[in-house]
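Line order of the protein sequences matches chains A and B. Note that the first sequence covers residues 1 to 648 in the numbering used here. Note that the second sequence covers residues 1 to 172 in the numbering used here. I have placed the structure first, in the form of structure tokens, so that the comments after it can refer back to it.
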Amino acid sequence: MNHEQAERLLSARIDGERLSSRQAVALEHHLASCAECRAFERGAYRLREAARFEVAPAVPDLVDEVMASVREATPAGLRVVRPARLPRRRLVPRVAPIAAALLVGVLIGSLVVGGPWQRSETGSALAAAQIADGISAAAARLDAYQATFLIDESNLSPDVPERHLTMRVWFHAPERFRLDVVDHTDYPTRTTPTDLRLVVDGSRWYASGPAPCPTAECPQRESVVRNRLPFSTTTSMPTDLVLPISTLTDADRLTVLGRGTVLGRPAVEVEVPFERARPLFPFLSIAGGSIGGDWRPFFPNDRVRIWLDERNWFPLKWAVYPATGAERDAWALRFGLPDEPSLRPVFTVTALEVSTRTPAAGVFRIPASASSQDQGARNVALSDVSGDVGFEPVAPNAVGGLDRYRVVVPTDDTARSLIAYADGLAFVNLGETRTWAGTAPFGPVGLQAEEVPLAGGGVAYYEPSTDEHGRRLSIHAAGTDLYLESNLPRPALLAAAADLPVQGLPMPDAWRVHQIGGTTVERVSLETARSAVPFPVELPRTLPDGFGLASVELVDAGHGNGLTLYFRDLDADAGIGTIRLHLEPAQALPPATSAMQSAVNVGDAHGRYTPDRSEVEWIRSGVYHSLDAPGLELPELVAIAASIGSDG
Amino acid sequence: VNDPDPRTLVRAREGDLGAFEDLVRQFQGDVWRFAYHFTRDRALADDVTQEAFLRAFRFLRTFRGDSKFSSWLFRIARNCAMDQIRARNVYAGRVTPIAGSPVDPQARVELHAALDAVSAEHREPFLLVEVFGLSYQEAADVLGIRVGTIKSRMHRARRAMMDALALEEEAR
């Protein structure tokens, strides 16, 4: 033990910290022969006397003042005026930057302990996987369904603390669906009830309900679409009400709480955060939010507990429980919500009756309507496609075990041919063109898409599911470009793509390398990037659950190489979006560009936070770091930032 | 610093103002002294104390007991103190003599000078551990840093302050 180590241990011992017996013995041994240490010990005790004696100023009695300010700030005093109508599309509202900044101090404690994404210990992984597989299998088998539910909602507004609605659902595979919501609430003032109807019949789609408006009485709105694209996600069928295929088929994300009995059936209870369970609440927002009536707001981390029938995986009951935490409290204040205890559900959907009887054909009749929108997907016979588009499309009889169901020739530029495969609730759309001249992958797949290897040797470019799209894959092959879009789980979609009679090639250089102004951006592998930049590249150890590295770009603006890393949820984007980390050599932060910036600490480094860009910037070891993610708040950004290149 | 009776804490969390008042009574002295040490200003310390309890009341339901209540409260007080210092643009190192303090004014100024001689990152753990008697773990909870960091900062703070006060030479 050297003198420095001895003094450190001595300092800890003075503070009453326990030393290991080996440390204690070594310290004693050192002290016996070290006059300097003994002087340090005496000095430390004198310092203690001076400090403790000195720092005992007379303390004022502030109880009355504190309690007066607390009373003034009790929820009644703090209640904000509720806006007449809630912003309907903001189901994942962001905490105001100021509130977030105030909360950082409080939140940081929990981040240090393990981050906001700590996985729950309850429930076994095996059971979660069984449920996920069970739902996937049931989805492919289900032919028909009908059910009636009760909806109970709390705290729409101070005037309407409780609402009661009923919901009926009908489904007939593959593309016939109907949802009716009837509002039974007695409103204290004249209010348009939240009565909704959604009907899908193959290529036709219909929705009606109150339009968003600034008053309580809103006009009814109808939306009708003809020549609908197969399994269009803009004019969707909310089939998670039937089987929660997009909510629960990722076993990593669901927590199994236990078993019980619902409606006299054996059932299993699982929990997911609201942001992942949104497909179970389709009535909140129909036709892109232009129809939907008025509903209470939900916080992204509110917990949704779902009871599933153990025999067929139908959801029998689901309820939203308020999340706890300072962020949720601040959010609730902004929405003027009362105190909501975390153990009481604020929104419950309960099945009254569920059956697999085939609905009568008349159920899916679409009401006559004056005007309709044309999505341009004309049904054709497969044998007619080559005459129409000039090539023989890749069109196996089955893809991923699903049978070919509809062939369309879109009139827009999405694809020259589009072939839909379906079985029960599962679908795959296969689009193809032979004349792709774009500088990015074909289909709704971006340049930062993850490169995934396919069994059999090819590669494809993958995008997770979003509000607008299912999971997607783009395949660039010799002479043709294809894309697949599906609600199948990621592994099943990759397997389906591998079975196609094409070999996916890596992105051509024309897609990989782009000139933006005077800057060259080149998509590369992480290994290539590491060898091309003059600094070590360390990845964050903390990322939200399910996130991984999707792609890497070398950025050359003429003064040496920088690097941009893109991290995404590899299964389903639940609103966080892409997390982007940019690195380049620099000794100081660039000049401030926004009036809203504030200082923030990233580990030991001083950094800067720009709320309107959700960006944190800092310098460490001569490397400029910029981290941004549209859906993350400051504490989460800081937790990710601090996990980069720190020693733990 | 002792933690409150869990029953008082539970009642306060449920919104019982009487229970919260008990907490204020029990902890106001510690919070005020703590605030005073960060701000070195009696008026600021009053404000910080009031604001810290107000925030604590608002966010009491988020206290999950994974640190001691006092550590949680100090963490809030520390953030309030930082905000106040930033808002008023007050330099934290200013020395303001305390009226009526029984200590020799010269010694007090020297100690403050010694505290000023160490950086904030060393002063904070020193105050928490030496003056408020927190354990290294509790101080780490308050400051959001690791126990090992507290340990080395305590050592360096002692060393620097002893040098500033020339205590070691006297002791020799």
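A virtual CB, placed ideally from N, CA and C, is assigned to each residue, including glycine.
DSSP lists T564(A), S626(A) as the bridge partner or partners of H582(A). F347(A): member of the beta strand (DSSP E) spanning 347-355, first to last residue. Of the residues A422(A), G387(A), L418(A), G548(A), the one whose Cα lies closest to the Cα of G401(A) is A422(A). Taking a C-beta cut-off of 8 angstroms against chain A, the contacting residues of the region 4-22 of chain B are G15, L17, F20, E21, listed in chain order.
Annotation: the region 217-253 of chain A contains the following complete segments of the alpha helix (DSSP H) (minimum length 4 residues), in chain order: 245-248. Residue range 490-498 is occupied by the alpha helix (DSSP H) that includes L493(A). Of the candidates R365(A), V408(A), G387(A), the residue whose Cα lies closest to the Cα of R378(A) is V408(A). Scanning T8(B), G15(B), A81(B) for the CA closest to the CA of W32(B) turns up A81(B). For M167(A), not one C-beta of chain B is nearer than 8 angstroms to its own C-beta. Cβ-Cβ distances below 6 angstroms link V169(A) to A147, L179, L241 in the same chain, with the five nearest sequence neighbours on each side left out; the list follows chain order.
Counted as a single uninterrupted DSSP element, the beta strand (DSSP E) harbouring D403(A) occupies residues 402-410. Nearest CB-CB separation between V409(A) and chain B: not below the 8 angstroms threshold. By the Cβ neighbour-count rule, I516(A) is exposed, with fewer than 16 other Cβ atoms within 10 Å of its own. In the DSSP annotation of this structure, the continuous segment of the beta strand (DSSP E) that includes H476(A) starts and ends at 471-477. R523(A) is bridged by DSSP to E553(A). Straight through space, the alpha carbons of R221(A) and R328(A) are spaced by roughly 33 angstroms. The residue from I475(A), L494(A), L447(A) with its alpha-carbon nearest to that of V502(A) is I475(A). Under the 8 angstroms criterion on CB atoms, S69(A) is classed as interfacial with respect to chain B.
DSSP, reduced to helix, strand and coil, places R311(A) outside both helices and strands of the structure shown, so it counts as coil.
When rounded, the separation of the alpha-carbon atoms in L127(B) and I135(A) is 57 angstroms.
At a beta-carbon threshold of 8 angstroms, the residues of chain B lying near R8(A) are K151, S152, H155, ordered along the chain. In this structure, the CA atom of R46(A) is about 19 angstroms from the CA atom of H37(B). Residues of the region 299-315 of chain A with a C-beta atom less than 9 angstroms from some C-beta of chain B do not occur. For K317(A), the pairing in a beta bridge is given by DSSP as W307(A), T350(A). Taking 8 angstroms as the cut-off, the beta carbon of M67(A) is found closer than this to the beta carbon of V24(B). Pairing L549(A) with A449(A), the inter-Cα distance amounts to about 10 angstroms. Assigned with DSSP and collapsed to three states, R541(A) falls in coil, not helix or strand.
Between E222(A) and chain B, the shortest Cβ-Cβ separation is not below 8 angstroms. Distance from the Cα of L316(A) is smallest, within the candidate group W307(A), T324(A), A323(A), P322(A), for W307(A).
The residue among R276(A), E353(A), R311(A), F335(A) with its C-alpha nearest the C-alpha of V320(A) is R276(A).
By the Cβ-count criterion, L581(A) is buried, with 16 or more other Cβ atoms from all chains shown falling within 10 Å of its own Cβ. Straight across, the Cα-Cα distance linking D250(A) with R472(A) is about 16 angstroms. Under the three-state reduction of DSSP, S598(A) is assigned to strand.
Around the CB of V10(B), fewer than 16 other CB atoms lie within 10 Å, so the residue is classed as exposed. Per DSSP, the unbroken beta strand (DSSP E) holding S157(A) starts and ends at 144-157.
Look at A639(A) here: in three-state DSSP terms it is helix.
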